[in-house]
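Asks: Structure incoming, see below.
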Amino acid sequence: MHGAPLYIAETCPPQIRGTLISLKELFIVLGILLGFSVGSFQIDVVGGWRYMYGFGTPVALLMGLGMWSLHASPRWLLLRAVQGKGSLQEYKEKAMEITWQTSR
17 MHGAPLYIAE TCPPQIRGTL ISLKELFIVL GILLGFSVGS FQIDVVGGWR
67 YMYGFGTPVA LLMGLGMWSL HASPRWLLLR AVQGKGSLQE YKEKAMEITW
117 QTSR
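Here you go:
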């Protein structure tokens, strides 16, 4: 959750960067509101707290699975190259390609 603004800032075009970071914060607030709403409706139900967790579980699972499809950020690729965990030229080329794609 806290790494998302950094990832967005490193990988998104400048024209929409601020909008995407603001949307991320909006969705966090909406999730808190949804959790509060479900909790307040289920407060008198025996074991109602389970429903609150039940509503959030599918979303968390989808986000966890979706993380595997994220591309590496240019900064992370260059950091790996500097630390000697791969070919400097190879990582530089990947970072430049991603930077070029996101700057359009």
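Mapping to our numbering: the sequence shown position 18 is 34, numbers consecutive. Yeah, the Cβ is synthetic: ideal placement off N, Cα and C, and Gly gets one too.
Could you spell out the range, first to last residue, of the alpha helix (DSSP H) harbouring G64?
Replies: For the purposes of this step, residue 64 is taken as residue 48 along the sequence shown, with counting starting at 1. Run containing G64: none; DSSP gives neither H nor E here.
Asks: Which residue from S89, L95, R96 puts its Cα closest to that of T115?
Replies: The sequence position of residue 115 within the sequence shown is 99, counting from 1. Answer by Cα proximity: S89.
Asks: Find out if the Cβ-Cβ distance for the pair G47, M68 is shorter than 8 Å.
Replies: Mapped onto the sequence shown, residue 47 falls at position 31. Mapped onto the sequence shown, residue 68 falls at position 52. No, these two residues do not count as a Cβ contact at 8 Å.
Asks: Take I44 as the anchor and find which of M83, A76, K110 has the nearest alpha-carbon.
Replies: As a first step, residue 44 must be located in the sequence shown, where it is residue number 28. Of the candidates M83, A76, K110, the one whose C-alpha sits nearest the C-alpha of I44 is A76.
Asks: Quick check: the Cα distance between I59 and T73, rounded to an integer number of angstroms?
Replies: Residue numbering aside, residue 59 sits at position 43 when the sequence shown is read from its first letter. Residue numbering aside, residue 73 sits at position 57 when the sequence shown is read from its first letter. Spanning the two alpha carbons is a distance of roughly 19 Å.
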